[in-house]
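In full-length UniProt numbering, the protein residues as written are 1 to 575.
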């Protein structure tokens, strides 16, 4: 029996060298097994369609069985390597293949494998599970593990390797909101609830499918009936966002003052508009004012109104924002920037329900619901004497914290798709979506500017992306740090090139050894950039970190040098 608490020593280069790409026949081989490269997004769409069509349980069984069959086929490859590897290293070929095939990153925690004694006790951590992230993107955070294809693979591979039924269970899952996935595998007789899990591996007739579909139709109708009346840009299923939205719904039916807290760009005004639309004041005005954008000496006249002649320049009488919002809702954004004099008058308006215009002694009754917002800590401003404590307690009757976008990881993708559709329509562009690397970059970015920054980034991407194409990383982030994760390419023999990161050094050596000239390297770079940019000079210049005139000059110089060489070659001897 062997036991491992760290990654066993496996010859990864040997396994990668068994992968061959044949451009002439259009085939990919892993040893003698034909492999396929499949778009993760296409696989994700197929998975979603299976769930939508068959229902969650039936789709789970089908995907488990697909993974099981794939695991058994990979176990066949192990038999060709058994003479050269220890038992543990041979078994670990399966998890390594799972990683090499792009399914999931596998980190062993515990590996106890003894086929002669029938002993099997393994635990692994999965990172970057495509299936877990796909499920969350399409269906939100699930209440139970969802990496069905992958867990089926682990069961099929281990069962074929051991020659007995092995059951893996997923005890942590990215689809449930966990940071990563964790699986534990043992023989089925060591699991008390094995029957509950093994039933999914049995072939399932689809005779009752119509009944399931009928149930789904009822559920969809119920969902549509309960759909919230929200602004178009308010999209999200993350727990923090849903909690804030639930609080908003509870406050909407009453008249209580609401205080919205959150960083700049999280969508506080969208929440205020949603509150107004869900309230019984929806047919009356919603008036918004940014307190930070108004000079201090004009704040009181803007809020409470002014009578003609109240001060120099007051040529006419005009109502303030409170009067204009009468019967409706007044949204005061960045309320922490209100001067103290305006704070005292605001408190009186809230207490008495009446306003006095500047320069007037007439009292006007108003019926306004106040929604305030700030990205500053009002409690701290109170301690510093910059905000009235009595006004703070009045405003803080019902507080809603709106989470930052970096805390709404699951909402980034649907928000990005929404903004893509929105700005593609505005700009009259037809785009196919984002590339896989662009999606990864969007989800991995911290978004200090929150939804406002995401919105601006997608708008820029839509403008820069070619018509009919996809938005790439370069269209979204004009300057970024490239990932240091090793990506395997092809060498001249059709094998995966495990020395990919050293390609730059090899190029330098080729120049220093005289195999290539610096001009030839520059010409290759310029040509590659122009090809990637589809002949667009400005785009190619951005790819190379040059200005458009700089790139044009270099291209012109190379063309003139090529013309000179051609002329010299064609000139007669002694001419």
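Glycine included, each C-beta is placed from N, C-alpha and C at the ideal position.
Residue range of the unbroken alpha helix (DSSP H) whose run includes residue i
i	result
residue 192	Counting along the chain, residue 192 falls outside any alpha helix (DSSP H), and DSSP gives it neither H nor E.
residue 579	For residue 579 there is no data in the structure shown, the boundaries of the chain being 1 and 575.
residue 426	412–427
residue 361	Counting along the chain, residue 361 falls outside any alpha helix (DSSP H), and DSSP gives it neither H nor E.
residue 131	130–139
residue 437	436–444
Residue burial classification, residue i (beta-carbon count within 10 angstroms, cutoff 16)
i	result
residue 145	buried
residue 157	buried
residue 295	exposed
residue 95	buried
residue 393	exposed
residue 556	exposed
residue 189	exposed
residue 171	exposed
residue 256	exposed
residue 329	buried
residue 357	buried
residue 186	buried
residue 435	buried
residue 511	exposed
residue 530	buried
residue 508	exposed
residue 524	exposed
residue 563	exposed
Inter-residue spacing [alpha-carbon to alpha-carbon] between residue i and residue j
i	j	result
residue 112	residue 41	35 Å
residue 130	residue 104	7 Å
residue 137	residue 236	10 Å
residue 450	residue 408	10 Å
residue 76	residue 168	19 Å
residue 207	residue 57	In this predicted model, residue 207 has a pLDDT of only 42, less than 50, meaning its place in the structure is not dependable; the value taken from the coordinates is given anyway. Rounded to the nearest angstrom, the two C-alpha atoms are 14 Å apart.
residue 428	residue 419	14 Å
residue 376	residue 258	16 Å
residue 26	residue 128	28 Å
residue 269	residue 249	15 Å
residue 293	residue 265	16 Å
residue 276	residue 106	49 Å
residue 438	residue 417	12 Å
residue 16	residue 443	29 Å
residue 326	residue 373	20 Å
residue 338	residue 299	8 Å
residue 567	residue 558	14 Å
residue 110	residue 93	15 Å
residue 421	residue 413	12 Å
residue 116	residue 48	41 Å
residue 165	residue 155	8 Å
residue 472	residue 461	8 Å
residue 517	residue 546	21 Å
Beta strand (DSSP E) segment containing residue i, residue limits
i	result
residue 107	105–114
residue 521	Counting along the chain, residue 521 falls outside any beta strand (DSSP E), though it belongs to the alpha helix (DSSP H) covering 518–532.
residue 580	The structure shown has nothing for residue 580, since the chain only spans 1 to 575.
residue 101	Element bounds for residue 101: n/a, residue is neither H nor E.
residue 289	286–290
Beta-carbon separation (whole angstroms), residue i vs residue j, contact threshold 8 Å
i	j	result
residue 470	residue 433	6 Å
residue 147	residue 181	6 Å
residue 410	residue 238	5 Å
residue 67	residue 150	6 Å
residue 333	residue 366	In fact, because the Cβ distance is near 20 Å, the residues do not count as touching under 8 Å.
residue 74	residue 97	5 Å
residue 544	residue 551	7 Å
residue 593	residue 202	Since the first and last residues shown for the chain are 1 and 575, residue 593 lies out of range.
residue 476	residue 446	Going by Cβ atoms, the distance from residue 476 to residue 446 rounds to 14 Å, so no, they are not a contact pair.
residue 340	residue 320	Actually they do not touch by this definition, with Cβ atoms about 18 Å apart.
residue 197	residue 175	Their Cβ separation, rounded to whole angstroms, is 17 Å, which puts residue 197 and residue 175 out of contact at 8 Å.
Residues that DSSP places opposite residue i in a beta bridge
i	result
residue 399	259
residue 394	DSSP lists no partner for residue 394.
residue 29	20 and 34
residue 353	Per DSSP, none; premise fails for residue 353.
residue 240	Residue 240 pairs with nothing; no bridge assigned.
residue 337	Beta-bridge pairing links residue 337 to no other residue.
residue 508	Per DSSP, none; premise fails for residue 508.
residue 185	122 and 168
Interface flag, residue i vs chain D, CB-CB below 9 Å
i	result
residue 384	No chain D appears in the structure shown, which is made up of a single protein chain.
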